[in-house]
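Read left to right, the sequence shown gives residues 1 to 179 (full-length UniProt numbering).
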Amino acid sequence: MKSEGAIAMTRQELAKNIYDIAHLTGEFKLRSGQISNEYFDKYRFEAQPTLLREIAKQMVPLIPAGTEVLAGLEMGGIPIATALSLETGIPCVFVRKEAKEYGTCKFAEGLEIKGKKVCVIEDVVTTGGQVVLSTADLRSIGAEISTVLCVIHRGPQFPEPKLTEIGLDLRPLFKKSDF
Numbered sequence: 001m002k003s004e005g006a007i008a009m010t011r012q013e014l015a016k017n018i019y020d021i022a023h024l025t026g027e028f029k030l031r032s033g034q035i036s037n038e039y040f041d042k043y044r045f046e047a048q049p050t051l052l053r054e055i056a057k058q059m060v061p062l063i064p065a066g067t068e069v070l071a072g073l074e075m076g077g078i079p080i081a082t083a084l085s086l087e088t089g090i091p092c093v094f095v096r097k098e099a100k101e102y103g104t105c106k107f108a109e110g111l112e113i114k115g116k117k118v119c120v121i122e123d124v125v126t127t128g129g130q131v132v133l134s135t136a137d138l139r140s141i142g143a144e145i146s147t148v149l150c151v152i153h154r155g156p157q158f159p160e161p162k163l164t165e166i167g168l169d170l171r172p173l174f175k176k177s178d179f
C-alpha cells in the first residue's frame with residue numbers, strides 16, 4: 001500500500017479493512033482478565049501506514065475543540081496519537097504505564113501538560129481499566145482531561161461505566177457492532 005495518490009476510504013471500507021487485517025478468532029485473555037473468542041490485534045492495523053493515516057483522518061472530527069495535547073497511552077495509543085498529531089498539528093505526549101526509574105523518571109514523555117486540555121488516545125477499549133489508571137496519573141500532574149478517543153470500543157456497554165464514573169466521554173471511531 002502506497003500513500004501517494006491514496007484514495008480516502010469510506011467509514012465502512014475502513015471498518016472492513018481493519019476487520020480483515022486485525023480480527024482474530026481463538027481464545028484470548030484480555031487485559032481486563034476476561035476471556036474472549038475474538039480479538040482485534042491493533043498492531044496489525046497500526047503497522048500499516050495507509051490504514052493508520054486513514055484512521056487518523058477519520059478520528060480528527062472526534063477531537064474536542066480546544067484540545068491542546070494528545071496523550072497516547074502505551075503502547076497502542078502512541079502510534080495513533082502520533083498520526084493524529086501529524087494530521088492536526090496538535091502536539092502529543094507518550095504515556096507510560098509506569099514511570100521509568102532512570103533518566104527523567106516520567107510517565108508522560110514529551111511536553112509539559114500541567115493546566116493543559118488533554119485528550120487521551122487509546123487503541124482498543126474493552127472495560128477502560130488502563131484508561132482509568134492513566135487518566136488518574138495524568139490528572140495528578142495537572143492535566144485537564146474529559147475525553148478519550150479510541151479506534152475500537154469492544155466492551156459490552158456503551159457508554160463505558162468505568163469511564164463515565166470519572167467524568168470521561170469515550171468517543172470511539174468504531175464500536176464492536178460496526179464490524
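Ideal Cβ positions, reconstructed from N, Cα and C, are used throughout, including at glycine. All of these numbers come straight from a predicted model, not from anything done at the bench.
query: Bounding residues of the alpha helix (DSSP H) (the contiguous stretch that carries PRO161); result: 161–165
query: 8 Å contact criterion, which THR67 and LYS117 should meet: CB distance rounded; result: 6 Å
query: Cβ contact check for the segment 120–132 and the segment 140–155: 3 or more pairs under 8 Å; result: yes
query: Residue range of the unbroken beta strand (DSSP E) whose run includes VAL125; result: 117–125
query: Spatial neighbours of MET1 in its chain, beta-carbon cut-off 6 Å, leaving aside the 5 residues before and after; result: With a pLDDT of only 41 at MET1, under 50, the local geometry of the prediction cannot be trusted, and no value is derived from it.
query: Cβ pair SER146, GLY129 closer than 8 Å; result: no
query: Alpha helix (DSSP H) runs contained entirely in the UniProt domain "Phosphoribosyltransferase" (52–157), provided each spans 4 or more residues; result: 77–88, 129–140
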